[in-house]
Structure formats: structure tokens, C-alpha cells
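Q:
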Amino acid sequence: MRSPHRRTRRVPVGSFDVASQRWADGGGAAAVTRDELVVATFNVWFSDFHDEERFRAIADVLSRKMPDVMVFQEVTPTALAIFLAQPWIRVRYRRAAVTGGDLGNYGMLLLSRVPIANVTYTRLPTNLARGFLTADLDTGGTPLTVVALHLESGKAAARLRSRQLGRVFRWLRRTENAVVLGDFNMRDSENGVIGEPYRDLWPMLRPDDDGFTEDTTINLMRLDSKNKQRHVRFDRVLLKGGGWTATDIELLGTEPISPTLPRVFPSDHFGVLCRLASGPTPTEGVRRQRFWRR
Numbered sequence: 000m001r002s003p004h005r006r007t008r009r010v011p012v013g014s015f016d017v018a019s020q021r022w023a024d025g026g027g028a029a030a031v032t033r034d035e036l037v038v039a040t041f042n043v044w045f046s047d048f049h050d051e052e053r054f055r056a057i058a059d060v061l062s063r064k065m066p067d068v069m070v071f072q073e074v075t076p077t078a079l080a081i082f083l084a085q086p087w088i089r090v091r092y093r094r095a096a097v098t099g100g101d102l103g104n105y106g107m108l109l110l111s112r113v114p115i116a117n118v119t120y121t122r123l124p125t126n127l128a129r130g131f132l133t134a135d136l137d138t139g140g141t142p143l144t145v146v147a148l149h150l151e152s153g154k155a156a157a158r159l160r161s162r163q164l165g166r167v168f169r170w171l172r173r174t175e176n177a178v179v180l181g182d183f184n185m186r187d188s189e190n191g192v193i194g195e196p197y198r199d200l201w202p203m204l205r206p207d208d209d210g211f212t213e214d215t216t217i218n219l220m221r222l223d224s225k226n227k228q229r230h231v232r233f234d235r236v237l238l239k240g241g242g243w244t245a246t247d248i249e250l251l252g253t254e255p256i257s258p259t260l261p262r263v264f265p266s267d268h269f270g271v272l273c274r275l276a277s278g279p280t281p282t283e284g285v286r287r288q289r290f291w292r293r
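0 is the number of the first residue of the sequence shown in numbering that gives the first Met the number 0; add one for each residue after it.
1. Does any residue of chain B bring its CB to less than 8 Å from the CB of residue 106?
2. Less than 8 Å separating the beta-carbons of residue 265 and residue 17?
3. Do residue 33 and residue 140 have their beta-carbon atoms positioned less than 8 Å apart in this structure?
4. Buried or exposed: which applies to residue 268, given that a residue is buried once 16 or more other Cβ atoms fall within 10 Å of its Cβ?
5. Taking all protein chains shown into account, decide if residue 87 is buried (16 or more other Cβ within 10 angstroms of its Cβ) or exposed.
6. Exposed or buried, residue 239, counting other C-beta atoms within 10 Å across all chains shown (16 or more means buried)?
7. Using DSSP with H/G/I as helix, E/B as strand and the rest coil, what is residue 117?
8. Expressed to the nearest angstrom, what Euclidean distance is found between the alpha-carbon atoms of residue 283 and residue 89?
9. What would DSSP say about residue 54, mapped onto helix, strand or coil?
10. Specify the secondary structure class of residue 248 as computed by DSSP and reduced to three states.
11. Cα separation between residue 51 and residue 73?
12. Quick check on residue 42: does DSSP put it in helix, strand or coil?
13. How would you call residue 19, buried or exposed, if buried means at least 16 neighbouring beta carbons within 10 angstroms?
14. From this set, 168, 120, 143, 148, which residue's C-alpha is nearest residue 71's C-alpha?
15. Output the boundary residues of the alpha helix (DSSP H) element that contains residue 69.
16. Tell me where the beta strand (DSSP E) around residue 225 begins and ends.
17. Would residue 94 and residue 13 qualify as a contact pair, given that the criterion is a beta-carbon distance under 8 Å?
18. At what residues does the beta strand (DSSP E) containing residue 270 begin and finish?
19. Around the Cβ of residue 84, are there at least 16 other Cβ atoms within 10 angstroms (buried) or fewer (exposed)?
20. Could you tell me the distance, in whole angstroms, from the CA atom of residue 244 to the CA atom of residue 36?
21. Return the bridge partner residues of residue 148 from the DSSP annotation.
22. Give me the DSSP bridge partner(s) of residue 106.
23. Using only the alpha-carbon positions, how far apart do residue 262 and residue 55 sit?
24. What separation, rounded to the nearest whole angstrom, lies between the Cα atoms of residue 7 and residue 170?
25. What residue does the alpha helix (DSSP H) around residue 15 start on, and which one ends it?
26. Going by C-alpha distance, which of 250, 202, 184 is nearest residue 231?
27. Within 10 angstroms of the Cβ of residue 203, are there 16 or more other Cβ atoms? Answer buried if so, exposed if not.
28. Just tell me which of 106, 68, 155 has its CA closest to the CA of residue 113.
29. For the beta strand (DSSP E) holding residue 96, just list the boundary residues, first then last.
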């Protein structure tokens, strides 16, 4: 198992410079005050199968939602170039990316149109170059830390995934409000490793919907590529703390990229988009009021 000497490193944040027509590190983002946030995660699939068309389709899906924060896994150089070439991303977002080197042939990308600071990448105990990105959002009000992760894959790696997630949770032990999202690669049998103070938002908001993010009943590309059925909810959003409340959650990229390619989907995973509002739920507020009246 890999155990690199430097486990955590700072990641530069950059913006698109119109004058030079290139992305450059540094450059500030306009201050904002947000009491609502939309976050999204997408594992884009590193395969070169229709890759340019698929990555453009992912960008198109996201352009219609315009999330405040987007995180991506399995980001290849081609995917990174396509995402950072989108005019709507260049105008509105700052980027923090980790690719290549000890990460192998793909990496991770975080895009935010909310000012971000203290961005780091931390390697996890892994056989597959897995790790997580951390960024502090400046919302002008209730603070929120974003953690974008990619955990070990494979059924046999369940114990290692539990260790990896434990590392993430320990990293956040002093953080009051956090959203943790990405490709957890977890089966339902592993759900027990997630508990308070973390809430798994899909079953909380949509308890009657399985929310499979790998679903070969719908995603025929996934079925064709692996030639076996799979129905799992690998991609998740967790929320910690009472400063933010989840109000809605949905899947992204659940349709073929075009009528002429009915068996090609944006990725072998579906993306997940979640809406957050500043403050506790009404029931949480009532409970707190009753507590303080005692």
C-alpha cells in the first residue's frame, strides 16, 4: 500500500485571465453573501470511449444547473481541458485541480463561483492513488467546508474504504459545518460507517427512491462496458453541522448524450446535485428553542 512522505499539500486556486486568455493561479473572486448553495459531484469516467463527446455533454448538463460548487473525479487531461474551455466556467468559476504525477492517469477538479480558500489535497492510505480535496467557502455568512473525495473501489476494499472515510472524518473533527461529496464506492452493506454528526442526504430527502448512481437498467453504456448488471449508490453527499440544511437532491446525466448515440451516456456514473440553505431545519429550530426554555 502506498504511503507517501507528504500526505497533504496545498492546491493553488486559479481564475481565467481574459487578457492572456489562459487560466492562471491567483486572482481574487468577488465577495458574495449566500444563504443558499447548490453543490454537485460527477465521476466523469476516465475511459476514452466517446470521451470528448461525453465530457461536453457533462458540461452541458451542468451549464443548465449552474451549481455554486462542482467537484469531479477521474478527470483526465482531456476532461480538464474541455471543462476549463467552457465560456460559462471561465467567466464565473475559480478552479483547483490535482491531476497527473502520483495520482496516475486521472485526478480531481473543484470549480467554485463562491470564493474559496485553504484548498488542500490529502492522500489517503490506498492502492489506487485515492485522496480528497478540501476547501473553505466564503459565503459571507455561515461558513462551510467542502470535501471532495474519491474512495477505493472494489468489493474487497470495504475495510480500506472504512479507514479512508475515517481519515476524512478525523480531518473534519474540529470543523463545525461541512459537506462531503464524491465517489464513495460504498455498497449499502457499508452504510453503518456513516453516522452522526454526518447525514447521508439522499435517503434523508428521498427515502422512497434508491438513488442508484450506477444503474444498468437505465445506463446501457455501463451495461455494455462491463456486461453485468449493477445497481449501487456510489456517489453521495453528506452534511455535517447545523449551519446548513439540505432542501433538495437529484441525479444528473441520466439520459443518452444524443438521439444518434442512444447507448452512450455522459458517464458510467450519474452525477448528484444537492441544494443547501443556511440555517437549521424548522424542526431543529423548534427543538433548540424548547431546549433553551428548560
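C-beta atoms are modelled at their ideal positions from N, C-alpha and C, and glycine is treated no differently.
A: Working from what's here:
1. The chain inventory of the structure shown lacks chain B, comprising one protein chain alone.
2. Result no, Cβ atoms of residue 265 and residue 17 do not sit closer than 8 Å.
3. Between residue 140 and residue 33, the gap from beta carbon to beta carbon is short of 8 Å.
4. By the neighbour-count rule (16 or more Cβ atoms within 10 Å), residue 268 is buried.
5. Of the residues assessed, residue 87 falls on the exposed side of the cut-off, its CB having fewer than 16 other CB atoms within 10 angstroms.
6. With 16 or more other Cβ atoms within 10 Å, it is buried.
7. It is a strand residue.
8. Confidence at residue 283 is low in this model, with a pLDDT of 41, below 50, so its placement is unreliable and the value that follows should be read with caution. Cα to Cα, residue 283 sits roughly 39 Å from residue 89.
9. Secondary structure of residue 54 (DSSP, three-state): helix.
10. Three-state DSSP puts residue 248 in a strand.
11. Taking the straight line joining both Cα atoms gives about 14 Å.
12. DSSP places residue 42 in strand when its eight states are reduced to three.
13. Exposed, because fewer than 16 other Cβ atoms sit within 10 Å of the Cβ of residue 19.
14. With distances taken between CA atoms, residue 71 lies nearest to 148 out of 168, 120, 143, 148.
15. Unbroken run through residue 69 is the beta strand (DSSP E), 68 to 74; no alpha helix (DSSP H).
16. Where residue 225 is concerned, there is no enclosing beta strand (DSSP E), although the alpha helix (DSSP H) it sits in stretches over 219 to 225.
17. Taking 8 Å as the Cβ cut-off, residue 94 and residue 13 qualify as a contacting pair.
18. It spans 270 to 277 - the beta strand (DSSP E) in which residue 270 sits, taken as one unbroken run.
19. With a 10 Å radius around the Cβ and a threshold of 16 neighbouring Cβ atoms, residue 84 comes out exposed.
20. Cα to Cα, the separation comes out at about 10 Å.
21. Answer by DSSP bridge pairing, in chain order: 131, 181.
22. The partner list for residue 106 (beta bridge, DSSP) reads 74.
23. So the alpha carbons of these two residues sit roughly 16 Å apart.
24. Their Cα atoms are separated by approximately 11 Å.
25. No alpha helix (DSSP H) holds residue 15; the beta strand (DSSP E) holding it covers 13 to 16.
26. It is 184 whose Cα lies nearest to the Cα of residue 231.
27. Exposed, by the Cβ-count rule.
28. For the set 106, 68, 155, the Cα lying nearest the Cα of residue 113 is the one of 68.
29. For residue 96, the enclosing beta strand (DSSP E) has its first and last residue at 93 to 97.
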